[in-house]
Structure formats: structure tokens, C-alpha cells
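Peer 1:
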Amino acid sequence: MSHAPPVNRSRLARLAVTMLAGLAVAGCAVPATPKVTFYSNRETVHVEPAQLCDAQLTECSVNEGAVGVLRVPPGAPLQISVPHHIGDTPWQVVFRYRVDGEVVDGRSEVFAPDERLAYTLRLPEEDAQLEALEVQQFGAVLVEDPESGVGFITSGIWVLSVDDR
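This is the structure:
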């Protein structure tokens, strides 16, 4: 009859405490900064937020250097992918483009929470040149808007500058 080695209960207890501490640290880790991915002309760029606030807009951080640059030829679509951090909230795309020497501002519809994690921007004119774009995430704070009555304040902004060489 063979005997199993005796169980060292203090060693098992230390191991369990170490594992639980590791899980607690992993659960409390600071989440990664949410990045937006832009794709056009067989190139991809991942952009950090230029501004990021909590949902109530009580704490904000600004990173003026967080601007992505991507070549987008005239008339080419631009694919935008957002992480769940953005897609779980209302968000929209605000953009500016040139056509026939005129600068035009545009915006997508506001996407509802959990509606989508991707959007493809196609400019209305084939020869239009995209100049700049922002992905705007809306916070939970409502403000009075003289035109529409109520509006949301952006809690996150991701900026893309277009290289139009």
C-alpha cells in the first residue's frame, strides 16, 4: 500500500492567498486607454483620446498630442472601429472635407449605446477630400441647447488629421 505525501496546509494556504491577491490586483487594474482604429488606403492607425472624461464629466484628461494621421485619397472610404468603451455609449463622427474649393462640415447620426462598434464614412461627392475627423463619445450629462432644447456633452474625443498629399 502506497502512501501519498502529507499535505502541507500552510503551503496551500499561502498559495491560495497569493492567487487571490493576484486576482484582486488584476480586477482592480487601471483599464487600458480606449483607442479608435481608422483604416483607409490599406493603412491603419490606432488613436488615443485627445480628451477623455468619466461619464459624469467630473474628471477629465487632455492629451493634445493624441492626433492620428492617415492618408485618405479623394473619394476613398474611411473605416472607423471603436472599442466597447465607446460603443456602449452614444457616439458620433464629426468631419470636415473639401469639394470644389469649398470646405464642408458634416456629421453622422448619433449611434445609440450598444448599436455598433464600426462605421464607414463615405463622403457624398466622389472627388471630395476628407480633411479631419473626430469620433465623439457622449457623457451622461445633459445641457440646455437653445436650438434643440437638450444636448449631450462629449466625454471623449478621438482626432484624425488627413494627409492629403
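Taking mature numbering (1 follows the signal peptide of the UniProt record, and there is no 0), I'd label the letters of the sequence shown as residues -26 to -1, 1 to 139.
Ideal Cβ placement from N, Cα and C applies to all residues, glycine included.
#1: Is the beta carbon of Glu17 less than 8 Å from the beta carbon of Leu52?
#2: Is it the case that the Cβ atoms of Gln103 and Arg72 are separated by a distance below 8 Å?
#3: Who are the Cβ neighbours of Thr94 in its own chain at under 8 Å, not counting the five residues just before and after it?
#4: Given Val78, which residues of its chain have a CB within under 6 Å of its CB, disregarding the five upstream and five downstream residues?
#5: The ligand HEM and Asp88: does any heavy atom of the ligand fall closer than 7 Å to the residue's C-beta?
#6: Which residues bound the beta strand (DSSP E) around Gly80?
#7: How big is the Cα-Cα spacing for Phe85 and Glu99?
#8: Spatial neighbours of Val56 within its chain, please: CB distance less than 6 Å, with the 5 preceding and 5 following residues excluded, ordered by chain position.
#9: Output needed for Ala6: all residues of its chain with C-beta closer than 6 Å, excluding positions within five of it in sequence on either side, in chain order.
#10: CB-CB under 6 Å to Ile131, same chain, minus the five flanking residues each way: which ones, in chain order?
#11: Under 8 Å between the Cβ atoms of Gly42 and Val19?
#12: Identify every residue that forms a DSSP beta bridge with Asp137.
#13: Apart from the five residues on each side of it in sequence, which residues of its chain come closer than 7 Å, Cβ to Cβ, to Val46?
Peer 2: With the structure as the only source:
#1: no
#2: yes
#3: Pro51, Leu52, Gln53, Ile54
#4: Tyr71
#5: Summarising the ligand content, the structure contains no ligands, and the ligand HEM is consequently not present.
#6: 76 to 81
#7: 23 Å
#8: Val10, Leu91
#9: none
#10: Ala24, Gln25, Glu108, Gln110
#11: With respect to Val19, Gly42 sits close: the two C-beta atoms are nearer than 8 Å.
#12: DSSP, once it has assigned bridges, lists Arg45 as partnering Asp137.
#13: Ser14, Asn15, Leu52, Leu104, Val136
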